[in-house]
Amino acid sequence: MKYSRITGTGSYLPPRRLTNADLVAELAAKGVETSDEWIVERTGIRARHFAADGVFSSDLGLEAAKKALEAAGRTAKDVDLIIVATSTPDMVFPSTACILQNKLGANGGAAFDVQAVCSGFVYALTVADAMVKTGAAKCALVVGAEIFSRILDFNDRTTCVLFGDGAGAVVLEASDTPGILSSDLHADGKHVGILCVPGHVSGGAILGDPLLKMDGQAVFKLAVGLLESAARATLTKANLTEADIDWLVPHQANIRIMQSTARKLKLSMDKVVVTVDQHGNTSAASIPLALDAGVRSGQVKPGQTLLLEGVGGGFTWGALLLIL
Ligand code: UT7
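Counting from 1068, one number per residue, gives the positions in the sequence shown under our numbering.
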């Protein structure tokens, strides 16, 4: 049997870093009241990065992609598939994947975006796995890249303190030994309204609100239940149990959601890769950012079993089990 396996990881954060204190001060100047204590206690977030004007998701994705290729010992010429998971594309079209492909100099292979918000990276990796396994691609670049700072309402303290910008990438290649073991994806469109950016472009104008809206409590409640069921489904499909998981690499939205999932899966928090404190919620970029942080710190090692899981607007959710 043919498998797909991650052969390199990379990530990139734009240089402008705002601690909670920095953001609290900026918001106070606009009359928006929040505090470091509230943000840390309710979310675990201590800092986030914001991209400069004129920088796009493809630029962040490009830096992450270069590092992933270097780690895999591959060059742009080897890449025959690029999938970018993003909800903050450079343009309405063409896809951020096509723009990134050209910036990377990997022209000619397939390139497209996946839009599943914070579950986007798990969706994109599942699609890439299927294409590599069937021989449709040999060397895939799967990227999560976001600039959420552009769609935040900085007058809404319930959302603007939560998100940040960044990118993560993996190289996925055909392999004779197991890499990706199983995945489990879902969506339920009846929850569109609880997490959305409802605006759209029409006749040269933006119609509707182009900024992020979230019913945080509704998202929180759905997330904790759905993540557990997707995680269990991947274990069942791969004939494994929770005890086989070396690392949980979850979407980094809120430390309390991660703690709850870990508890349900009987995993101690020292088996969970946590970067939300330093990055905030970077949507589709959060899982590959966390994965790369874990790999580069030396904690997450080749041969270990990893459970990736994400949940977000749509409502979408999913999990993916792999051997690194
Ligand atoms: O990435 C996609 C997935 N997204 C998520 O997973 C996010 C899921 N939701 C959450 O993480 C949490 O619901 C939040 C962090 C968004 C909110 O935490 P919470 O514990 O659910 O707080 P809450 O919405 O119940 O608000 C509690 C209080 C409210 O005040 P009152 O009504 O109790 O007086 C809010 O007005 O906290 C207030 N509040 C704030 N206070 C200071 C809300 N935002 C802030 C703020 N600073 N930034």
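Glycine included, C-beta positions come from ideal geometry on N, C-alpha and C.
Under the three-state DSSP convention, the category residue i falls into
i: Ser1154; result: coil
i: Phe1179; result: strand
i: Pro1277; result: coil
i: Arg1217; result: helix
i: Asn1087; result: helix
i: Ala1285; result: helix
i: Ser1071; result: strand
i: Glu1130; result: helix
i: Gly1377; result: strand
i: Ser1250; result: strand
i: Val1146; result: coil
i: Glu1100; result: coil
i: Leu1262; result: strand
i: Asp1232; result: strand
i: Leu1332; result: coil
i: Arg1115; result: strand
i: Gly1370; result: coil
i: Ala1197; result: helix
i: Thr1110; result: helix
i: Asn1174; result: coil
i: Ala1203; result: coil
i: Ser1162; result: coil
i: Thr1349; result: coil
i: Val1122; result: coil
i: Thr1226; result: helix
i: Leu1391; result: coil
i: Ser1327; result: helix
i: Gly1270; result: coil
i: Ser1078; result: strand
i: Ser1186; result: helix
i: Val1340; result: coil
i: Gly1397; result: The requested residue 1397 is not part of the displayed model; the chain covers only 1068 to 1391.
Pairwise C-alpha distance: residue j and residue i
i: Ile1166; j: Pro1265; result: 25 Å
i: Met1325; j: Ser1335; result: 11 Å
i: Tyr1070; j: Val1122; result: 36 Å
i: Gly1077; j: Leu1289; result: 30 Å
i: Ser1327; j: Val1316; result: 14 Å
i: Phe1160; j: Gly1211; result: 17 Å
i: Ser1296; j: Val1286; result: 16 Å
i: Ser1364; j: His1267; result: 41 Å
i: Leu1302; j: Ser1250; result: 9 Å
i: Gly1271; j: Pro1277; result: 14 Å
i: Leu1085; j: Arg1115; result: 6 Å
i: Leu1373; j: Trp1384; result: 17 Å
i: Ala1204; j: Ala1135; result: 17 Å
i: Asp1282; j: Gly1379; result: 12 Å
i: Val1107; j: Gly1175; result: 45 Å
i: Glu1137; j: Ser1125; result: 18 Å
i: Gly1424; j: Val1194; result: What is shown of the chain runs 1068 to 1391, which leaves residue 1424 out entirely.
i: Val1386; j: Asp1311; result: Val is not the amino acid found at residue 1386; the sequence shown has Ala there. Distance between the alpha carbons of Ala1386 and Asp1311 is about 15 Å.
i: Gly1275; j: Gly1246; result: 43 Å
i: Glu1100; j: Phe1230; result: 17 Å
i: Ile1218; j: Leu1127; result: 16 Å
i: Leu1208; j: Ala1132; result: 7 Å
i: His1318; j: Glu1309; result: 18 Å
i: Lys1333; j: Asp1157; result: 40 Å
i: Val1181; j: Arg1330; result: 30 Å
i: Leu1080; j: Pro1355; result: 12 Å
i: Met1320; j: Ser1102; result: Per the sequence shown, residue 1320 should be read as Ala rather than Met. Taking the straight line from one Cα to the other gives about 18 Å.
i: Gly1240; j: Gly1098; result: A small fix is needed here, since residue 1240 is Glu in this sequence, not Gly. One C-alpha to the other measures close to 50 Å.
i: Ala1183; j: His1253; result: 10 Å
Check: residue i C-beta below 7 Å from any heavy atom of ligand 2
i: Val1107; result: Among the ligands present in this structure, namely ligand 1, ligand 2 is not found.
3 or more residues per run - each beta strand (DSSP E) lying fully within the segment 1295–1324:
1314–1317
Does the pairing of the segment 1192–1205 with the segment 1255–1264 give three or more beta-carbon distances under 8 Å?
no
The segment 1139–1149 / the segment 1354–1371 touching (three or more Cβ pairs under 8 Å):
no
Would you say the segment 1220–1239 touches the segment 1088–1103, given that touching needs at least three Cβ pairs under 8 Å?
Contact check between the segment 1220–1239 and the segment 1088–1103: three or more CB pairs, one atom from each, fall below 8 Å, which counts as touching.
Just checking, does the segment 1213–1221 make contact with the segment 1232–1248 on the three C-beta pairs under 8 Å criterion?
yes
Any contact of the segment 1166–1184 with the segment 1108–1120, i.e. 3+ C-beta pairs under 8 Å?
no
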